[in-house]
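Asker:
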Amino acid sequence: MYKNIKKERIMSETKIVVCIKHVGCIYHPTAVDLSTGEIDPEKMVYMPNPYDECAVEAALQIKEAYEDCKISLVSVGDTTAEQTLRYAYAMGGDRIDQVIRIHCDNYQHMDAMKTSRMLSNVIERIGFDVILCGKKALDTNGCQVGTYIAENLSLPEVSSVVGLSVFFEKNQVVAERYMGKGDRQEVECILPGLFSVEIGLNDPRYPTLKNRLFANKKAIEVIDPVAEDLISKDTPLTRMEKFSFPRPKTRKVFAPDSNLSPLERMNAMLSGGGGGKKSGSSVLEGDDDKLAGYVIEFLTQNKILGTNR
Amino acid sequence: MKGILPAVQHYNGIPGNILLQVIVVVAIVTFLFILYRRFSLLRLGQKDPRLFSFLDQLTGLLTEGILQRRQVRYPEAGILHIFIFWGFIVLGLRSVNLFAEGMFPGFAFPFMKGGVGAFYNSLKDIFEITTLGACMGAIYHRAFIKPKRYEGSHQLEAYLVLGLISILMITDLMYEGTDLLLGTPIPGVTLGSMAISWVFSGLAPGELKFVHITSYWVHILCLLTFLNLLPLSKHFHIITALPNVFLKKQVRGQLKPANWESVSISDLSHAGAGSLKDFTWKHMLDFFSCTECGRCTDNCSANLVGRHLSPKKVTMDVRDHGYREVPIMPLPSSTTSQALVGDVIQEDDLWACTTCGSCEEQCPVFIDHVDKIVDMRRHLVLNDSRFPSEFKQVFKNLEIYGDTIGKGKLFREDWISGVSVKKIYEETVPVDILFWTGCMGPLYDEKSKDSLRATAKVLNNTGLNWGILGKQERCCGDWARRVGNEYLFEQLAKQNVEILKKYKIQKLVTHCPHCFNTFKNEYPQLGLDIEVVHTVELLESLLKTGKLKIKSRLDRNLTYHDPCYLGRYNSIYDAPRKDLGMILKQSLKEMDRSNNKSFCCGAGGGNFWRGGAAGQRMEEVRIEEAMVTEANGIVTACPYCKIMFNSAVKEKGREHTFSVLDISEVVEQVSK
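Order-wise, the sequence lines are chains A and B. To convert a position in the first sequence, counted from 1, into our numbering, add 92. To convert a position in the second sequence, counted from 1, into our numbering, add 43.
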């Protein structure tokens with residue numbers, strides 16, 4: 093339906109909307125009270141969803157190429173979610189034009205359909221050419237909201253994006269999708285469209301001091317979904333019934349290899365693994381030049397290097 | 044009154060005194076102009092309050108400046124320098140006298156009559172000979188011994204100046220010696236002049252007069268050349284070093300705030316040193332004062348393991364950059380477009396610094412190297428968001444979890460097993476002492492927790508009323524501050540100050556020297572005023588007063604490693620040694636590099652979290668030093684050092700024969 097839109101684009105009217113979630117993550121194994129299903133707030137930490145951070149970074153990179161376009165950030169959440177919005181705003185500072193919070197008190201337990209309804213209503217009001225969001229939220233692991241928004245707005249969606257090139261003049265986006273196991277797909281998409289991004293898309297920038305201070309003072313627009321009739325009246329279609337902890341694992345509990353340096357141990361701990369499978373791997377030896385040679389050889393053989401990108 | 048004065052001679056019909064007056068005026072005007080240009084560079088700098096206690100600063104000036112205490116740490120060069128320095132002080136009067144004599148014939152200082160004059164003449168003569176000797180020694184030292192620390196310094200400048208000083212000494216001796224021969228009585232025992240007069244005794248009076256007058260003029264011209272050369276070369280330190288020593292830092296462990304003029308980082312639009320004018324005026328004075336002696340680089344832990352960083356080069360490069368930006372003669376083409384960080388200073392060099400403070404400890408003129416490095420890091424982190432990629436996760440950990448490791452606050456209480464520990468938020472009665480565990484102790488690994496448990500047992504044995512904050516603790520912010528993230532430091536510090544005030548804590552005992560330094564020296568800037576001690580100090584007082592009783596002395600062969608933030612930054616060298624002295628049977632083995640020369644474990648200044656540093660591993664170098672002493676264990680008082688050494692010992696495959704212990708673990712073994 094969008095095929096014939098290829099009109100002359102007025103860049104100042106071009107809009108990028110980024111959806112962000114303030115996620116609450118459990119860091120302690122006994123955080124959830126199994127009898128009541130309640131989470132001990134002491135055992136939770138809140139942070140910006142890392143997938144959404146990549147979406148913000150992607151938006152900022154588009155803005156660096158097309159200076160006149162406008163970026164809006166939208167989030168559903170209570171007042172604490174402003175922390176995340178401020179962090180995301182601080183990533184770009186005054187390059188981000190609009191920050192909106194859709195007020196919602198118990199957004200953590202809200203069903204994805206409802207959230208996406210609110211978001212798509214607001215996004216429609218803002219206007220959009222590119223909608224960016226994270227592939228999934230770290231806390232619920234739902235992967236739904238992006239798809240629902242695309243459906244609500246009748247947009248094409250490209251999911252699990254690990255490469256993104258926007259050509260506003262051609263009204264087109266070339267996106268690279270991650271298909272698992274290292275396979276990739278290149279997808280061409282006509283604008284407007286929704287892109288849900290994967291964590292490997294980019295390396296989100298760390299806010300500078302100037303932008304942090306900007307962000308602390310930034311006025312965030314708050315939309316009350318009830319007053320503005322954005323919320324769908326129908327009862328949620330899904331509801332959480334029960335929460336259970338992972339079954340005790342049979343595999344050996346990972347202890348950092350004490351032969352590693354503290355940094356390597358730290359990295360191993362942060363990645364949460366025991367260093368991966370050992371089979372089929374070999375240790376490369378030689379001086380730096382030689383080692384770099386091996387790596388380049390490997391990369392070209394596996395067509396990671398030397399392609400047209 | 045001299046017999047023959049150069050001043051009353053005529054040169055091509057010009058009276059000598061007039062000629063000299065003109066030369067002196069020209070030289071001094073040039074000198075003042077150069078000084079003015081240098082001063083305009085200094086005035087570019089930011090505010091930096093350096094006057095705090097006149098008496099203390101004067102004492103510092105006397106011991107470190109006039110008595111040159113730090114010079115003797117390098118005996119050869121140090122003693123030579125002391126001779127030259129004292130030569131300058133004594134001979135200053137003589138030079139003024141020579142100029143006055145030349146410009147105003149018949150001039151003499153009124154106090155230089157009789158005994159005083161004779162004494163001064165004798166003294167002057169001795170110092171001329173010693174200074175000359177010292178110059179020769181220094182030339183020999185540079186040319187033949189060639190210490191590695193002079194690499195990259197301006198060697199030609201050094202030879203030129205040493206040559207000039209030697210000429211000054213020789214010409215003055217010749218001037219006096221020929222004067223003696225020409226029949227002027229010189230009061231005092233002037234051995235040097237007498238020796239010269241013996242050399243020239245064969246000359247005819249006309250020739251003597253020629254030598255006499257020539258040596259006067261050579262002396263005067265050399266001195267004026269020398270004077271103008273000073274602000275143009277590394278020998279500017281002759282003028283600026285003493286003020287620099289007088290204006291040294293008040294609190295050694297306190298990092299310079301992002302800006303002295305603002306209370307909070309939120310008042311600043313940019314922070315850190317991204318260009319020359321972001322340094323403070325004192326930093327500019329530091330640049331002027333650098334003698335390029337290379338003691339900093341010679342002791343730099345990073346440099347010694349083969350990293351490219353050299354504190355001397357950093358100071359020299361920024362100084363040369365400054366001289367290019369504010370040249371003596373501003374030419375239209377002279378403005379450069381070099382960026383301070385990136386072009387002048389390599390980014391990688393900035394991150395290689397472990398902030399061990401060894402450079403500052405050794406610098407004879409008290410240059411603040413670490414402040415500048417951290418200021419440039421601040422620029423990278425706060426303005427440009429450029430830093431080693433590993434740091435981003437740690438920044439986020441600090442923001443989200445409140446600790447560097449990213450485990451979460453409840454894990455801060457995980458180490459409490461098998462010991463009874465009061466948690467301050469559960470108690471109704473306030474505790475006397477708050478024990479601050481830090482991040483590394485409770486969160487890193489079991490060995491780190493062991494040292495905390497040991498401390499807890501020892502404290503329980505003494506019956507002290509103490510407690511911990513547990514889950515209400517946050518990282519003290521040392522890590523964030525040292526890598527330049529002042530914003531994050533301020534956030535964390537404010538939370539900590541608030542909670543300490545909430546519980547009305549009066550005395551804080553810290554497990555980690557980094558926390559200790561931060562609480563003791565940096566939190567007062569944020570309005571926290573409490574007593575802060577490190578565990579080693581508490582243990583010392585407990586052992587001394589007998590509150591902590593020991594079963595029997597421990598028979599172990601150990602060596603002690605001085606953590607940077609305990610030793611160099613806070614001068615706590617004796618307390619841990621006394622602790623160990625009171626509980627060990629054998630005397631403590633000392634490593635070659637100990638006390639203020641202690642080597643860094645490699646974890647400080649953000650380097651714990653940074654991979655890919657060039658060169659050897661610092662912790663391994665240090666462990667090798669410890670093993671050379673034939674001790675079978677190393678004691679330290681810092682959780683970072685313990686982690687680093689543990690990994691180094693494992694790397695060497697010596698974990699069963701060589702132990703890495705926290706001092707509290709040693710004490711715990713004997714306490715009852």
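In this text, a Cβ means the ideal position worked out from N, Cα and C, and glycines have one as well. All values derive from a computational prediction rather than experimental measurement.
#1: Taking only runs of the beta strand (DSSP E) that begin and end inside the region 284-358 of chain A, which ones reach a length of at least 3 residues, in chain order?
#2: So, does the CB of L126 (chain A) fall closer than 8 angstroms to a CB anywhere in chain B?
#3: Taking only three categories from DSSP, how would you classify M271 (chain A)?
#4: Which chain B residues sit within Cβ distance under 8 angstroms of L355 (chain A)?
#5: Following the continuous alpha helix (DSSP H) through K590 (chain B), name the residue where it begins and the one where it ends.
#6: Pick out whichever of A:D132, A:M332 and A:D186 has its Cα sitting closest to the Cα of A307 (chain A).
#7: Can you tell me which of the three DSSP states G234 (chain A) falls into?
#8: For the region 126-167 of chain A, list the beta strand (DSSP E) runs that are entirely contained and at least 3 residues long, ordered along the chain.
#9: To the nearest whole angstrom, what separates the beta carbons of W652 (chain B) and F434 (chain B), a pair I think is in contact under 8 angstroms?
#10: Please list, in chain order, the chain C residues whose beta carbon lies closer than 8 angstroms to that of Q436 (chain B).
#11: Would you say E216 (chain A) faces chain B, with C-beta separation under 8 angstroms as the test?
#12: Identify the residues that DSSP records as bridge partners of Q190 (chain A): which are they?
#13: For a cutoff of 8 angstroms on Cβ pairs, would you count M139 (chain A) as touching chain B?
#14: C111 (chain A) lies in the beta strand (DSSP E); which residues open and close that run?
#15: Report yes or no: is there a C-beta of chain A within less than 8 angstroms of the C-beta of E739 (chain B)?
#16: Are T679 (chain B) and H604 (chain B) touching if we call contact CB-CB under 8 angstroms?
#17: State the Cα-Cα distance for the pair M165 (chain A) and I548 (chain B), rounded to the nearest angstrom.
#18: Where does T679 (chain B) fall in DSSP's three states?
#19: With a CB to CB cut of under 8 angstroms and the five nearest residues on each side skipped, what residues in its chain are close to T214 (chain B)?
#20: From the beta carbon of M687 (chain B), is the nearest beta carbon of chain A less than 8 angstroms away?
#21: Which chain A residues sit within Cβ distance under 8 angstroms of I511 (chain B)?
#22: Any idea what DSSP makes of C225 (chain A), helix, strand or coil?
#23: Could you round the C-beta distance between Q405 (chain B) and C333 (chain B) to whole angstroms and report it? I think they count as a contact, below 8 angstroms.
#24: Taking 8 angstroms as the CB-CB limit, is N96 (chain A) close to chain B?
#25: Fully enclosed by the region 525-589 of chain B, which alpha helix (DSSP H) runs are 4 residues long or longer?
#26: Figure out for me which residue from B:V159, B:Q293, B:T221 and B:V204 has the closest Cα to the Cα of L98 (chain B).
#27: At a CB-CB cut-off below 8 angstroms, which residues of chain B make contact with H120 (chain A)?
#28: List the residues of chain A whose Cβ lies closer than 9 angstroms to the Cβ of S312 (chain B), in chain order.
#29: Helix, strand or coil for Y444 (chain B)? Go by DSSP, reduced to three states.
#30: What whole-angstrom Cβ distance do G103 (chain B) and F289 (chain B) have, given they're in contact under 8 angstroms?
#31: Could you pull out every unbroken beta strand (DSSP E) segment of at least 3 residues lying fully inside the region 628-710 of chain B, listed in chain order?
#32: Using 8 angstroms as the limit for Cβ to Cβ distance, is K382 (chain A) near chain B?
#33: Taking 8 angstroms as the cut-off, decide whether the C-beta atoms of L224 (chain A) and V168 (chain A) are in contact.
#34: Taking 7 angstroms as the cut-off, is the beta-carbon of I281 (chain B) closer than that to any non-hydrogen atom of the ligand ATP?
#35: In terms of residue numbering, what span does the beta strand (DSSP E) encompassing S460 (chain B) cover?
#36: Residues bridged to R276 (chain A) by DSSP?
Answerer: On the basis of the supplied data:
#1: 285-289 and 313-315
#2: no
#3: coil
#4: E433, F651, W652, R653 and G654
#5: Unbroken run through K590 (chain B): none, as it is neither H nor E.
#6: A:D186
#7: coil
#8: 136-140
#9: 6 angstroms
#10: Protein chains in the displayed structure are A and B, and chain C is not among them.
#11: no
#12: A:S164
#13: yes
#14: K107 to I112
#15: The question about residue 739 (chain B) has no answer here: the residues shown for chain B are numbered 44 through 715.
#16: yes
#17: It should be pointed out that residue 165 (chain A) corresponds to Leu in this sequence rather than to Met. Each residue's Cα considered, the two are about 43 angstroms apart.
#18: strand
#19: S258, Y259, V261, H262 and C265
#20: yes
#21: None at all; the shortest Cβ gap to chain A is about 16 angstroms.
#22: strand
#23: That pair is no contact at about 13 angstroms.
#24: Because N96 (chain A) carries a pLDDT of 43, less than 50, the predicted location of this residue cannot be relied on, and the following value inherits that uncertainty. Judged by the 8 angstroms Cβ criterion, N96 (chain A) is not in contact with chain B.
#25: 529-545, 556-560 and 578-588
#26: B:Q293
#27: G451, L453 and F454
#28: L301, K302 and L305
#29: coil
#30: 7 angstroms
#31: 676-679 and 702-705
#32: no
#33: no
#34: This structure lacks the ligand ATP, and indeed carries no ligand of any kind.
#35: Run containing S460 (chain B): none; DSSP gives neither H nor E here.
#36: A:Y270
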